[in-house]
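Chemist:
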Amino acid sequence: MFARTSALVFLPQCGQVRNMATLKDITIRLKSIKNIQKITKSMKMVAAAKYARAERQLKPARVYGNGAVALYEKAEIKAPEGVANKHLLIGVSSDRGLCGAVHSNVAKAIKAKIATLTGEGKEVMVVNVGDKLRNILQRTHSNYLLLSCKEVGRKPPTFTDASIVATELLNMGFEFDQGAVIYNRFRSVISYKTDEKPIFSIDTVANSENMGIYDDIDADVLRNYQEFALVNIIYFGLKESTTSEQSARMTAMDSASKNASEMIDKLTLTFNRTRQAVITKELIEIISGAAAL
Amino acid sequence: MMAARFLRRSIPVLRQARCYADAPSGSSQMSFTFASPTQVYFKEASVKQVDVPTLTGAFGILPAHVPTLQVLRPGVVTVFNDDGSAAKFFVSSGSITVNADSSVQLLAEEAFPLDQLDVAAAKANLEKAQSEMASASDEAARAEVQINIDANEAIVKALE
């Protein structure tokens, strides 16, 4: 007798928990989403400030970078076709996430280039600037990674950073013939495009056809010039990438805040409805209890 | 009707072709770009002459100079504008490219107008570097101190 009544007492409570979220659950959820919204809003403000500074620094950096690649464009330097050249890809991203598709775009471009180049039988090595890129590439292409750089993205990149990357890269001793720096070119606050700028080795430049018109060049001068040009191109890629990353983070955090406020609105409505339902249920119990007497 | 519309469209094209022919050709003017990583001093400007200090010596570049590539030494770059005024800048290092179409790209790692440099601070740095030379141990450290000395000497010489 007693055992059967206790079983009957337990069942309705289980049924209640399974069917509807209690007021306490909704309150907890509402509080956590409000906190998340505050965080994403403040992240958006920080990203907006960093973006403004990065865009200001990008203007002179763009003129500088375009001046650096002017030689390659005007002299139309190309690596000799058909020779089994060694390629070097420098992918520029950063350490921090929550910035949309910035890192995966660069990784996608690198993977596509590796696929075409190995299909043609050329040797490829990848240098990545930024931890996020290393995480993505390490899963599938870890035997192509030559050098990885960390601590990128916390502070705005300087010329010294680019020269450190170039020095380490040249010290690795990988004799590449040509290559590319793959970065996100900044177009506007809401759009960026993955782009690449070519880099060449000293021999490729020296043996290129149009170099004959350039007067008075000896090997030393050319080597200094090439190393400086490499640093310039890496610097240019870094500057463009940071600007694209900050603007992408701004848009991502903005849409996250908007989604959070949508969820808050919906949850508030559910909370009010649940509250009214609980009050109504209590009233019904009281009234039916009083009617039973 | 269609013929008239075609005629109306073709006439502006002819006018554009005439404008292109009247524009001056680029090779008689120098398109000069002078920039450091943080600042742009000249962007595709038209100047009369540029004097640069390079590792192989100082030379002046006029429009239609023979194409060349050079590496800069710490020293003073003088830019002579079309109106005759001269602007002096101190550059630490960098490269200069003169292309066949008379465009010149002067990329300096650090560049400042001379009036932003303090000769007293440069002299103090020079003395400190010269005293460090005595205590420099290995070749890399000695090379760094030598570069320091060269740069400060050039600044002092430029400002005097």
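Sequence lines, in order, name chains S and U. Numbers 14 to 306, taken from my numbering, label the letters of the first sequence in order. Numbers 161 to 320, taken from my numbering, label the letters of the second sequence in order. A virtual CB, placed ideally from N, CA and C, is assigned to each residue, including glycine.
Chain U beta carbons: is any one of them nearer than 7 angstroms to that of Lys279 of chain S?
Modeler: Chain U, which has no Cβ nearer than 7 angstroms to the Cβ of Lys279 of chain S, makes this no.
Chemist: Which residue wins for smallest C-alpha separation from Ile52 of chain S, given the options S:Thr255, S:Lys210, S:Asp267, S:Thr256?
Modeler: Among S:Thr255, S:Lys210, S:Asp267, S:Thr256, the Cα nearest to that of Ile52 of chain S belongs to S:Asp267.
Chemist: What do you reckon, are the CB atoms on Gln50 of chain S and Ala273 of chain S nearer than 7 angstroms?
Modeler: A contact, by the Cβ cut-off of 7 angstroms.
Chemist: If you measure between the beta carbons of Ser214 of chain S and Asp231 of chain S, is that distance less than 7 angstroms?
Modeler: Contact: no.
Chemist: Reducing DSSP to helix, strand and coil, say where Leu204 of chain U ends up.
Modeler: The sequence as given places Glu at residue 204 of chain U; Leu does not occur at that position. Strand at Glu204 of chain U.
Chemist: Determine which residues of the region 232-248 of chain U have a Cβ less than 7 angstroms from any Cβ of chain S, and write them out in chain order.
Modeler: So the list is empty, because no residue satisfies the distance condition.
Chemist: So what's Gly132 of chain S in DSSP terms, helix, strand or just coil?
Modeler: Note: Gly132 of chain S maps to helix in three-state DSSP.
Chemist: Closer than 8 angstroms by beta-carbon distance: list the chain U residues that pair up with Pro73 of chain S, in chain order.
Modeler: Result: Ala195, Ser196, Pro197, Thr198, Gln199, Val200.
Chemist: When DSSP builds the beta bridges, which residues end up paired with Ser263 of chain U?
Modeler: Its beta-bridge partners are U:Ser191.
Chemist: Looking at the structure shown, is Asp228 of chain S part of a helix, part of a strand, or coil, going by DSSP?
Modeler: Three-state DSSP puts Asp228 of chain S in a strand.
Chemist: Can you confirm whether Ile123 of chain S, when its beta carbon is compared against all beta carbons of chain U, has any partner nearer than 7 angstroms?
Modeler: So no, Ile123 of chain S is outside the interface.
Chemist: In terms of DSSP beta bridges, what is Pro213 of chain U paired with?
Modeler: Per DSSP, U:Ala218.
Chemist: Tell me the start and end of each unbroken alpha helix (DSSP H) in the region 59-133 of chain S that is at least 4 residues and wholly inside, in chain order.
Modeler: Within the region 59-133 of chain S, the complete alpha helix (DSSP H) runs of at least 4 residues are 115-132.
Chemist: Going by DSSP, what residue range makes up the alpha helix (DSSP H) through Asn241 of chain U?
Modeler: Where Asn241 of chain U is concerned, there is no enclosing alpha helix (DSSP H), although the beta strand (DSSP E) it sits in stretches over 235-241.
Chemist: If you check the beta carbons only, do Pro169 of chain S and Thr198 of chain U fall under 7 angstroms apart?
Modeler: Cβ distance not < 7 angstroms, so Pro169 of chain S and Thr198 of chain U don't count as in contact.
Chemist: Identify the residues that DSSP records as bridge partners of Met138 of chain S: which are they?
Modeler: Answer is S:Leu101, bridged to Met138 of chain S.
Chemist: As a quick exercise: from S:Tyr248, S:Val244, S:Ile226, S:Ala242, pick the residue whose alpha carbon is nearest that of Arg198 of chain S.
Modeler: Nearest of S:Tyr248, S:Val244, S:Ile226, S:Ala242 to Arg198 of chain S, Cα basis: S:Tyr248.
Chemist: If you measure between the beta carbons of Ile46 of chain S and Ile277 of chain S, is that distance less than 7 angstroms?
Modeler: Yes. Within cutoff.
Chemist: Restricting to Cα atoms, I'd like to know which of S:Ile127, S:Asp228, S:Thr256 is closest to Tyr205 of chain S.
Modeler: When only C-alpha atoms are compared, the closest one is S:Thr256.
Chemist: Going residue by residue through the region 201-282 of chain S, where are the continuous beta strand (DSSP E) segments of at least 3 residues, counting only ones entirely within it?
Modeler: Listed in chain order, the complete beta strand (DSSP E) runs (minimum 3 residues) inside the region 201-282 of chain S are 204-213.
Chemist: Quickly, what does DSSP pair Tyr157 of chain S with across the bridge? List them, please.
Modeler: In DSSP, Tyr157 of chain S forms no bridge with anything.
Chemist: Between the C-alpha atoms of Asn241 of chain U and Phe249 of chain U, what's the straight-line distance to the nearest angstrom?
Modeler: Using only the alpha carbons, I get a separation of about 13 angstroms.
Chemist: Over the uninterrupted alpha helix (DSSP H) stretch that includes Thr257 of chain U, give me the two end residues.
Modeler: No alpha helix (DSSP H) contains Thr257 of chain U, which is instead part of the beta strand (DSSP E) from 254-258.
Chemist: Find the nearest neighbour of Asn245 of chain S within the set U:Met190, U:Ile307, U:Ala195, judged by alpha-carbon distance.
Modeler: Ranking the options by Cα distance to Asn245 of chain S, first place goes to U:Ala195.
Chemist: In this structure, how does DSSP classify Arg147 of chain S when only helix, strand and coil are distinguished?
Modeler: Reduced to three states, the DSSP call for Arg147 of chain S is helix.
Chemist: Between Ser263 of chain U and the rest of its own chain, which residues show a CB-CB distance below 6 angstroms, the 5 nearest in sequence each way excluded?
Modeler: If we look at Ser263 of chain U and ignore the five residues flanking it on each side, its Cβ neighbours are Ser191.
Chemist: Residues of chain U with a CB under 7 angstroms from the CB of Gly80 of chain S: which are they?
Modeler: Those are Thr193, Ala195, Gln265, Leu267, listed as they occur along chain U.
Chemist: Assign Gly113 of chain S to buried or exposed, taking buried as 16 or more other Cβ atoms, counted over all protein chains shown, within 10 Å of its Cβ.
Modeler: Per the 10 Å Cβ criterion, buried.
Chemist: Give me the Cα-Cα distance between Pro213 of chain U and Lys54 of chain S, rounded to the nearest whole angstrom.
Modeler: So the two alpha carbons sit approximately 52 angstroms from each other.
Chemist: Please list, in chain order, all residues of the same chain as Gly220 of chain U whose beta carbon is under 6 angstroms from its beta carbon, the five residues on each side excluded.
Modeler: Same-chain partners within the cutoff: Gln209, Asp211.
Chemist: From the DSSP output, in three-state form, read off Gln199 of chain U for me.
Modeler: The answer is coil: DSSP assigns Gln199 of chain U none of H, G, I, E or B.
Chemist: Counting along the chain, where does the beta strand (DSSP E) carrying Leu229 of chain U start and finish?
Modeler: Looking at the DSSP string, the run of the beta strand (DSSP E) that includes Leu229 of chain U is 228-232.
Chemist: Rounded to the nearest angstrom, what separates Ile203 of chain S and Asn308 of chain U at their Cα positions?
Modeler: Going from the Cα of Ile203 of chain S to the Cα of Asn308 of chain U covers about 45 angstroms.
Chemist: So for Val165 of chain S, helix, strand or coil by DSSP?
Modeler: Of the three classes helix, strand and coil, the one that applies to Val165 of chain S here is coil, per DSSP.
Chemist: So the beta strand (DSSP E) Ala179 of chain S belongs to, where does it begin and stop?
Modeler: Note, Ala179 of chain S: premise wrong, no beta strand (DSSP E); alpha helix (DSSP H) at 172-185.
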